[in-house]
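These protein sequences, in sequence, are chains A and B. Going by my numbering, the first sequence opens with residue 287, and the numbers climb by one from there. Going by my numbering, the second sequence opens with residue 287, and the numbers climb by one from there.
There are 2 protein chains.
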Amino acid sequence: MTPIYLTPGPTALHPKIEQLASEALRTGICSISHRSKDFEAIYRTTATALRDLMNVPDSHNIFFLGSAHEAMERLIQGCVKESSFHFVNGAFSKRFFDIATECGKSALKAELPLGEGFNLDIYEIPQAAEMICLTHNETSTGVWLKEEQINNLKRRYPDRLIAVDIVSSAPYARINYQYVDAAFFSVQKLFGLPAGLGVLIANARCIDRAALIEASGLEIGSYHNLLHLKNFADTFQTPATPNVLGIYLLGGVSRELVAAGGADALRAGIDQRSRMLVDFLERSEHYAPAVSDPEFRSRTVITIKVNGEVDRCRRVIQDHGLHVGSGYGELRKSQIRIANFSMHTDRDYERLLEALSAASR
Amino acid sequence: MTPIYLTPGPTALHPKIEQLASEALRTGICSISHRSKDFEAIYRTTATALRDLMNVPDSHNIFFLGSAHEAMERLIQGCVKESSFHFVNGAFSKRFFDIATECGKSALKAELPLGEGFNLDIYEIPQAAEMICLTHNETSTGVWLKEEQINNLKRRYPDRLIAVDIVSSAPYARINYQYVDAAFFSVQKLFGLPAGLGVLIANARCIDRAALIEASGLEIGSYHNLLHLKNFADTFQTPATPNVLGIYLLGGVSRELVAAGGADALRAGIDQRSRMLVDFLERSEHYAPAVSDPEFRSRTVITIKVNGEVDRCRRVIQDHGLHVGSGYGELRKSQIRIANFSMHTDRDYERLLEALSAASR
Chain A
287 MTPIYLTPGP
297 TALHPKIEQL
307 ASEALRTGIC
317 SISHRSKDFE
327 AIYRTTATAL
337 RDLMNVPDSH
347 NIFFLGSAHE
357 AMERLIQGCV
367 KESSFHFVNG
377 AFSKRFFDIA
387 TECGKSALKA
397 ELPLGEGFNL
407 DIYEIPQAAE
417 MICLTHNETS
427 TGVWLKEEQI
437 NNLKRRYPDR
447 LIAVDIVSSA
457 PYARINYQYV
467 DAAFFSVQKL
477 FGLPAGLGVL
487 IANARCIDRA
497 ALIEASGLEI
507 GSYHNLLHLK
517 NFADTFQTPA
527 TPNVLGIYLL
537 GGVSRELVAA
547 GGADALRAGI
557 DQRSRMLVDF
567 LERSEHYAPA
577 VSDPEFRSRT
587 VITIKVNGEV
597 DRCRRVIQDH
607 GLHVGSGYGE
617 LRKSQIRIAN
627 FSMHTDRDYE
637 RLLEALSAAS
647 R
Chain B
287 MTPIYLTPGP
297 TALHPKIEQL
307 ASEALRTGIC
317 SISHRSKDFE
327 AIYRTTATAL
337 RDLMNVPDSH
347 NIFFLGSAHE
357 AMERLIQGCV
367 KESSFHFVNG
377 AFSKRFFDIA
387 TECGKSALKA
397 ELPLGEGFNL
407 DIYEIPQAAE
417 MICLTHNETS
427 TGVWLKEEQI
437 NNLKRRYPDR
447 LIAVDIVSSA
457 PYARINYQYV
467 DAAFFSVQKL
477 FGLPAGLGVL
487 IANARCIDRA
497 ALIEASGLEI
507 GSYHNLLHLK
517 NFADTFQTPA
527 TPNVLGIYLL
537 GGVSRELVAA
547 GGADALRAGI
557 DQRSRMLVDF
567 LERSEHYAPA
577 VSDPEFRSRT
587 VITIKVNGEV
597 DRCRRVIQDH
607 GLHVGSGYGE
617 LRKSQIRIAN
627 FSMHTDRDYE
637 RLLEALSAAS
647 R
């Protein structure tokens, strides 16, 4: 039996991928010029499907990059002259902070221990910070932010840019683009695509800021800086040859998700499976949700504290035909991570509970 | 009938791609973690196949990036403190120069009109230039460099780094890595892969230089800087989630090319088709090779000067079931471009000659 990937990304492919990929190979999608009308149509229809699915208004551009890491770098280069502010409580929020530092910015941060969540409402943002960098869903620890608190930040600091990493929560995350200047994700998480494509959503304030910073004589990156991305996106093109196949697949999966009821239907399925798993964990003596405060517990990446031998636990689960993620970094000694994405099913989760039960015996 | 893509990239897929892609989807390649032993094995075997095919010694690392453009940027950031030197005679050599400028370097250049080739032996390189940037095959004009003159440059300037763009000539290009510190290409050209992956080959001198520049307090890029690439490559990993499918396909196609006789067999086929086409052009009154000097005329991207209406010519060729490239930029009014890559066949070229004949009537 083919194993089921419940890993937090790369993960199981969306069931439509095989058909879409063979369609792409058959119809020459991978051979067309990225300067052709045919490519522009692919860019346009994928962007439209993403707007439908994720409620992205026309005020925001949709750019295609190599990865979410690249989105962090291009945002920092283009939007931050001197200082950004980061909420750090795991490996990926720390990565955003590190990228800002490596780009020569004076990056500031608020920090919490792994597994704890930020109550954004109580934080004051330093005057110097031009962009507030948030990680909606910290893939390393399974902690997420409350979207309404992101909006509050913008209400409290309307003059700052707000950038949100939604790598492992898009399109579940209820991002209100009225309050968010930029958001980005990669496709190998909830969308269930092969890795190798990042998506950056950014409004005119980000672009204007890049123009200002460039005019001041600072570097904002080269071929993929926000100004070049914007210029090419205006005619549905990209500065360099992009991952055309990935863009095509993303459009196809997004349309599929819209047809299946959109983000609300996707959220209902994820909520239901999350409840199923958390109820089990709370009744168990062998396991517990690793994030103790339910308010901050992610529903798309669920971390489990294992009382007992973690390696043995993962082995037993694997014997049941399921791949789950290890805890991130040092946490691999005490935790496992379970993805809850668009392609995962209630049946997958029933099998997971059986496997977890078996592993606790 | 499915059209044949003789475009200079993206282009026709290598005939093995469909099988390799369906293998990848079936066996879960796209679902495995990029931190797993399984991924390390894919990285390792792809790198080994590339070394076999392209004669890359162990002195040089093999890194995977998003595109060749990214390779230019990471090399400039990592290897150039103040000044690089560029030989510019087309859009892509100019892009390398522009990227250096946008990265804040004082980029210097020698320049020739479009369609002319550099006799590298007669140029003096300014003292200030730390890296000499070469475009082995200028995809926009179909002009290439002589590999032996690249080696001479290194003999004359052993203290400078030599970086060579081999985007549309790898693995045909006879690069002698004894004389070349860095080279890079993208996979949608001679290898016939879907776009979305760049390969950077770089030796320890490049890495050491990046360490030196970073230590001096300058930025060398963030997550994909040469130091991070090197650290991760040492265990066959990448700093961010890479295009795993692309790396897998590249390994498969490279092994296929090795099995079919390696770079020599590939060169023989390309040389034969190039002769076939150039002989035809030289006998024709309607066409001529756009690069008049045979010494500098690329065999992998052949540009044709059309006497008469270029648009009509391309239309007639298309009616014969062939897609050819337009001339680049302004040259689209007088030229067409023909790719001569690993997946193209003598039969494709016979059909091309028939179509060119028909278009000249």
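Heads up, the beta-carbon is just placed ideally off N, CA and C, and yes, glycines get one too. Every value quoted in this text rests on a predicted model; they were computed, and no experiment measured them.
Keeping to the same chain, check which residues put their C-beta closer than 8 angstroms to that of Asn-489 (chain B); ignore five residues upstream and five downstream.
Closer than 8 angstroms at the Cβ level, and outside the excluded window around Asn-489 (chain B), lie Ser-345, His-346, Asn-347, Tyr-463, Asp-467, Ala-468.
C-beta neighbour in chain B for Ala-274 (chain A), strict 8 angstroms:
A question about residue 274 (chain A) goes unanswered here, because the residues of chain A that appear run from 287 up to 647.
Exposed or buried, Arg-647 (chain A), counting other C-beta atoms within 10 Å across all chains shown (16 or more means buried)?
Arg-647 (chain A) is exposed by the Cβ-count criterion.
Report yes or no: do the stretch 626-635 of chain A and the stretch 289-299 of chain A share at least 3 C-beta pairs separated by less than 8 angstroms?
Of all C-beta pairs linking the stretch 626-635 of chain A to the stretch 289-299 of chain A, three or more are shorter than 8 angstroms, placing the two stretches in contact.
My output table needs one value for Asp-445 (chain B): the three-state DSSP class, helix, strand or coil.
Secondary structure at Asp-445 (chain B): coil, using DSSP grouped into helix, strand and coil.
Where Asp-324 (chain A) falls: helix, strand or coil (DSSP):
Helix.
Leu-292 (chain B), enclosing beta strand (DSSP E) - first and last residue
Residues 290-292.
Check distances from the C-beta atoms of the stretch 316-343 of chain B to those of chain A and list, in chain order, the residues that come in under 7 angstroms.
Listed in chain order, the positions of the stretch 316-343 of chain B with a beta carbon within less than 7 angstroms of a beta carbon of chain A are Cys-316, Ser-317, Ile-318, Ser-319, His-320.
Using a Cβ cut-off of 8 angstroms, pull out every chain B residue sitting near Thr-498 (chain A), in sequence order please.
Note that residue 498 (chain A) corresponds to Leu in the displayed sequence, not to Thr. None at all; the shortest Cβ gap to chain B is about 16 angstroms.
Which value, in whole angstroms, describes the spacing of the CA atoms of Gly-615 (chain A) and Leu-406 (chain B)?
Straight-line Cα distance between these residues: approximately 50 angstroms.
For Leu-608 (chain A), does the three-state DSSP call read helix, strand or coil?
Leu-608 (chain A) falls in the strand class under three-state DSSP.
Between which two residues does the beta strand (DSSP E) harbouring Asn-517 (chain B) extend?
From DSSP, Asn-517 (chain B) is part of no beta strand (DSSP E) but of the alpha helix (DSSP H) over 512-519.
CB contact check: His-606 (chain A) to chain B, cutoff 8 angstroms:
False, the Cβ-Cβ gap to chain B never drops below 8 angstroms.
Take Val-450 (chain B) and list the residues in its own chain whose beta-carbon comes closer than 6 angstroms to its own, dropping the five residues that flank it on each side.
For Val-450 (chain B), same chain residues with a beta-carbon under 6 angstroms away, outside a window of 5 residues either side, are Leu-420, His-422, Val-466, Ala-469 in chain order.
Quick check on Ala-526 (chain B) - is its C-beta less than 8 angstroms from some C-beta in chain A?
Under the Cβ criterion of 8 angstroms, Ala-526 (chain B) is counted among the residues facing chain A.
Within the same chain, show all residues whose beta-carbon is closer than 6 angstroms to that of Val-485 (chain A), passing over the 5 residues directly before and after it, in chain order.
If the five residues before and after Val-485 (chain A) are omitted, its C-beta is found closer than 6 angstroms to the C-beta atoms of Phe-471, all from its own chain and listed in chain order.
Proximal chain B residues relative to His-389 (chain A), where beta-carbon distance stays under 7 angstroms
Looking at the sequence itself, residue 389 (chain A) is Cys, so the reference to His does not match. Those are Glu-505, Ser-508, listed as they occur along chain B.
Counting Cβ pairs, one atom from each stretch, are 3 or more of them under 8 angstroms apart for the stretch 430-443 of chain A and the stretch 382-389 of chain A?
Here the stretch 430-443 of chain A does not lie against the stretch 382-389 of chain A, with fewer than 3 beta-carbon pairs under 8 angstroms apart.
Can you name the start and end residues of the alpha helix (DSSP H) that Tyr-635 (chain B) belongs to?
Its alpha helix (DSSP H) spans residues 632-645.
On the DSSP bridge list, what partners appear for Pro-575 (chain B)?
Looking at the DSSP assignment, Pro-575 (chain B) forms a beta bridge with B:Ile-590.
Which value, in whole angstroms, describes the spacing of the CA atoms of Ile-418 (chain A) and Phe-371 (chain A)?
Distance between the alpha carbons of Ile-418 (chain A) and Phe-371 (chain A) is about 5 angstroms.
Return no unless some Cβ of chain A is closer than 8 angstroms to the Cβ of His-355 (chain B).
Output row for His-355 (chain B): interface = yes.
Nearest-angstrom Cα separation, counted from Ser-612 (chain B) out to Pro-321 (chain A)
Reading off the sequence shown, one finds Arg at residue 321 (chain A), where the question assumed Pro. Roughly 11 angstroms between the two C-alpha positions.
Per-residue DSSP class, three states only, for Leu-486 (chain A)
The answer is strand: DSSP assigns Leu-486 (chain A) an E or B state.
Please name the residue or residues paired with Leu-535 (chain B) in a DSSP beta bridge.
Under DSSP, no beta-bridge partner is assigned to Leu-535 (chain B).
Between which residues of its own chain and Pro-525 (chain A) is the CB-CB distance below 7 angstroms, once the five residues before and five after are set aside?
Non-local beta-carbon contacts of Pro-525 (chain A) in its own chain, meaning distances under 7 angstroms to residues more than five positions away in sequence, involve Tyr-509, His-510, His-514, Leu-515, Phe-518 in chain order.
Scan the stretch 519-544 of chain B for residues whose Cβ lies nearer than 8 angstroms to a Cβ of chain A and list them as they occur along the chain.
Listed in chain order, the positions of the stretch 519-544 of chain B with a beta carbon within less than 8 angstroms of a beta carbon of chain A are Pro-525, Ala-526, Thr-527, Pro-528, Asn-529, Val-530, Leu-531, Gly-532.
Let's see if you can read the secondary structure: which residues bound the alpha helix (DSSP H) around Leu-552 (chain B)?
In the DSSP annotation of this structure, the continuous segment of the alpha helix (DSSP H) that includes Leu-552 (chain B) starts and ends at 548-569.
Under 8 angstroms between C-beta atoms of Val-530 (chain A) and Phe-325 (chain A):
The Cβ-Cβ distance between Val-530 (chain A) and Phe-325 (chain A) falls below 8 angstroms.
For my contact list, Val-587 (chain A) and Gly-428 (chain A) are in at a C-beta cut-off of 8 angstroms; report their separation, rounded to the angstrom.
Correct: roughly 5 angstroms between the Cβ atoms.
Residues bridged to Glu-424 (chain B) [DSSP beta-bridge criterion]:
The beta-bridge partner set that DSSP reports for Glu-424 (chain B) consists of B:Val-429.
Could you confirm whether any beta carbon from chain B is found closer than 8 angstroms to the beta carbon of Ser-472 (chain A)?
True, the Cβ-Cβ gap to chain B drops below 8 angstroms.
Could you give the distance in angstroms between the alpha-carbon of Cys-365 (chain B) and the alpha-carbon of Leu-447 (chain B)?
Each residue's alpha carbon lies about 8 angstroms from the other.
Name, in chain order, the residues that DSSP records as bridge partners for Asp-451 (chain B).
B:Thr-421, B:Phe-470.
Contact belief for Leu-339 (chain A) with Pro-457 (chain A) at Cβ below 8 angstroms, rounded distance in angstroms:
Distance from Leu-339 (chain A) to Pro-457 (chain A) at the Cβ level is roughly 5 angstroms; contact confirmed, criterion being Cβ atoms closer than 8 angstroms.
Apart from the five residues just before and just after Tyr-534 (chain B), which ones in its own chain have a Cβ nearer than 8 angstroms to its Cβ?
Taking Tyr-534 (chain B) as the centre and dropping the five residues before and after it, the same chain places the C-beta of Leu-306, Ala-310, Ile-315, Ile-328, Thr-332 closer than 8 angstroms to its C-beta, in chain order.
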